[in-house]
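J.:
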Amino acid sequence: MKKTLELRTVNVTRYISPLREGGSLPALAEADDDFKYVLKFRGAGHGVKALIAELIGGEIARVLNLKMPELVFANLDEAFGRSEGDEEIQDLLQGSQGLNLALHFLSGAITFDPVVTQLSPELASQIVWLDAFITNVDRTFRNTNMLIWHKELWLIDHGACLYFHHSWSSWEKHAQSPFALIKDHVLLPQASKLSATDIAFKKLLTKEILQDIVNYTPEDWLHWEDTDETPEEIRAVYFQFLWTRLNHSEIFINEAQNAREKLI
1 MKKTLELRTV NVTRYISPLR EGGSLPALAE ADDDFKYVLK FRGAGHGVKA LIAELIGGEI
61 ARVLNLKMPE LVFANLDEAF GRSEGDEEIQ DLLQGSQGLN LALHFLSGAI TFDPVVTQLS
121 PELASQIVWL DAFITNVDRT FRNTNMLIWH KELWLIDHGA CLYFHHSWSS WEKHAQSPFA
181 LIKDHVLLPQ ASKLSATDIA FKKLLTKEIL QDIVNYTPED WLHWEDTDET PEEIRAVYFQ
241 FLWTRLNHSE IFINEAQNAR EKLI
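Numbering (UniProt numbering), first residue to last: 1 to 264.
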């Protein structure tokens with residue numbers, strides 16, 4: 001079977017500066033391919049689960065033809081960060097040795113401002129559908145997690161999605177949840193094409209594609225201290241969550257449409 005994705009792996013060569021946004025302390029860094037990346041650390045607050053969410057959420061967005069910066073696996077050598085003067089950053093770097101995740105840095109991009117830039121109902125609906133599907137709590141007026149780059153909209157930062165995995169219980173219940181937090185989505189007022197989007201996107205997200213994305217999660221990120229489940233068993237839960245949610249999409253679509261009616 002042809003792979004849906006094939007992420008490159010780079011080695012981080014230079015820590016440039018922290019990006020003091022959110023609790024994960026991402027950083028601007030340079031790699032051995034001479035490109036700059038926004039580096040997400042396994043040693044940050046939510047650990048590897050945030051990286052898993054970033055990988056799965058970001059690659060689902062890409063399959064749906066939404067613009068995403070390239071994701072790469074990023075290796076941090078054990079010697080990296082020893083010369084860092086900031087103790088907090090040094091601890092983060094030392095705790096993130098091994099395989100991390102990074103997004104290609106979009107130099108010159110500006111933060112999406114819903115007051116300045118109006119999106120089409122089609123694009124707004126596509127992004128709202130995505131975030132309702134992957135239960136992304138972090139695309140609000142306070143933090144849009146979208147950039148304008150070369151006059152196009154790009155999605156970033158999906159580390160807060162799939163939040164069921166932080167409790168890792170009753171995934172079946174979470175899979176069929178309406179996701180009430182969609183009411184806070186920055187694009188919900190413009191998302192008038194959710195039903196049409198639902199039909200189109202369910203054709204794109206086949207069982208094989210979802211399985212492929214989940215299977216691409218590195219085994220190194222799936223050895224959890226809080227469960228006895230094997231990496232394969234953990235992958236199976238992620239897939240079943242997504243496949244169940246997709247097959248009951250009317251639950252989150254109805255929630256989003258009802259929330260939108262209250263707004264407008």
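Idealized CB from N, CA, C, for every residue including glycine.
1) Does the pairing of the stretch 50 to 59 with the stretch 109 to 122 give three or more beta-carbon distances under 8 Å?
2) Taking the alpha helix (DSSP H) that isoleucine 60 belongs to, which residues open and close that run?
3) Assign arginine 260 to one of three DSSP states: helix, strand, or coil.
4) Going residue by residue through the stretch 131 to 172, where are the continuous beta strand (DSSP E) segments of at least 3 residues, counting only ones entirely within it?
5) So, at 6 Å on beta carbons, what are the nonlocal neighbours of alanine 109 in its own chain, with the 5 sequence-adjacent residues on each side left out?
6) Could you tell me the alpha carbon to alpha carbon distance between asparagine 143 and histidine 223, rounded to whole angstroms?
7) Residues in the same chain with beta-carbon distance under 6 Å from aspartate 33, minus the five sequence neighbours each way, listed in chain order, please.
8) Do histidine 104 and glutamate 54 count as a contact pair if the criterion is CB distance below 9 Å?
9) Could you name the residues of the same chain whose beta carbon sits closer than 6 Å to that of valine 38, not counting the 5 residues immediately before and after it, in chain order?
10) On the criterion of 16 or more Cβ atoms from any shown chain inside 10 Å, does lysine 2 qualify as buried, or is it exposed?
11) Which residue spans inside the stretch 199 to 245 form an unbroken alpha helix (DSSP H) run of at least 4?
12) Using CA coordinates, which residue listed in Pro189, Asp220 and Phe164 is at the minimum distance from phenylalanine 239?
13) With burial defined as no fewer than 16 other Cβ atoms inside 10 Å of the residue's Cβ, what is the status of threonine 206: buried or exposed?
14) Straight-line CA distance for asparagine 258 to arginine 245?
15) Isoleucine 110 bridges to which residues according to DSSP?
16) With three or more beta-carbon pairs closer than 8 Å as the criterion, would you say the stretch 151 to 167 touches the stretch 85 to 93?
17) What is the residue span of the alpha helix (DSSP H) that histidine 89 lies within?
18) Which value, in whole angstroms, describes the spacing of the CA atoms of histidine 46 and alanine 160?
19) With DSSP collapsed to three states, give me the class of glutamate 30.
20) With contact counted as at least three CB pairs below 8 Å, one residue from each stretch, are the stretch 217 to 237 and the stretch 61 to 70 in contact?
21) Using only the alpha-carbon positions, how far apart do isoleucine 16 and phenylalanine 35 sit?
22) Which residues in the same chain have their Cβ closer than 6 Å to the Cβ of residue 298, if we skip the five residues on either side of it in sequence?
23) How long is the line joining the alpha carbons of asparagine 215 and tryptophan 154, rounded to whole angstroms?
24) Quick check on isoleucine 156: buried or exposed, where buried means 16 or more other Cβ atoms within 10 Å of its Cβ?
25) So which of Pro18, Asp184 and Leu130 has the shortest CA-CA distance to phenylalanine 158?
T.: In brief:
1) In short, these stretches do not touch, since the Cβ pair count stays below three.
2) Where isoleucine 60 is concerned, the enclosing alpha helix (DSSP H) stretches over 47 to 63.
3) Here arginine 260 sits in helix by DSSP.
4) For the beta strand (DSSP E) assignment, the uninterrupted runs of no fewer than 3 residues enclosed by the stretch 131 to 172 are, from N- to C-terminal side, 146 to 149 and 152 to 155.
5) Within the same chain, and ignoring the five residues on either side of alanine 109 in sequence, the residues whose Cβ sits closer than 6 Å to its Cβ are Leu147 and Trp149.
6) CA-to-CA, the gap between asparagine 143 and histidine 223 works out to about 31 Å.
7) Its chain contains Val10 as the residues whose beta carbon lies nearer than 6 Å to that of aspartate 33, once the 5 sequence neighbours on both sides are disregarded; these appear in chain order.
8) In this structure, the beta-carbon distance from glutamate 54 to histidine 104 does not fall below 9 Å.
9) Within the same chain, Cβ atoms closer than 6 Å to the Cβ of valine 38 are found at Pro26, Leu103 and Phe105, the five residues on either side in sequence being excluded.
10) The predicted model places lysine 2 with a pLDDT of 42, which falls under 50 and marks its position as unreliable; any figure quoted below should be read in that light. When all chains shown are included, lysine 2 counts as exposed.
11) The qualifying runs are 207 to 215.
12) Answer by Cα proximity: Phe164.
13) Flag for threonine 206 reads exposed.
14) If you draw a straight line from the Cα of asparagine 258 to the Cα of arginine 245, it comes to about 18 Å.
15) Beta bridge pairing from DSSP links isoleucine 110 with Ile148.
16) Segments in contact, no.
17) Reading the sequence as shown, one finds isoleucine at residue 89 and not histidine. First-last of the alpha helix (DSSP H) with isoleucine 89: 87 to 94.
18) Each residue's Cα considered, the two are about 9 Å apart.
19) In the structure shown, glutamate 30 sits in a strand (DSSP, three-state: E or B).
20) Look at the beta carbons and you see the stretch 217 to 237 not touching the stretch 61 to 70: under three pairs across the two are nearer than 8 Å.
21) The alpha-carbon atoms of isoleucine 16 and phenylalanine 35 are separated by roughly 12 Å.
22) Since the displayed the chain opens at 1 and closes at 264, residue 298 lies outside it and no answer follows.
23) Approximately 25 Å, taken between the alpha carbons.
24) That one is buried.
25) Strictly speaking, residue 158 in this sequence is histidine, with phenylalanine absent from that position. Of all alpha-carbon atoms in Pro18, Asp184 and Leu130, the one lying nearest the alpha-carbon of histidine 158 is that of Leu130.
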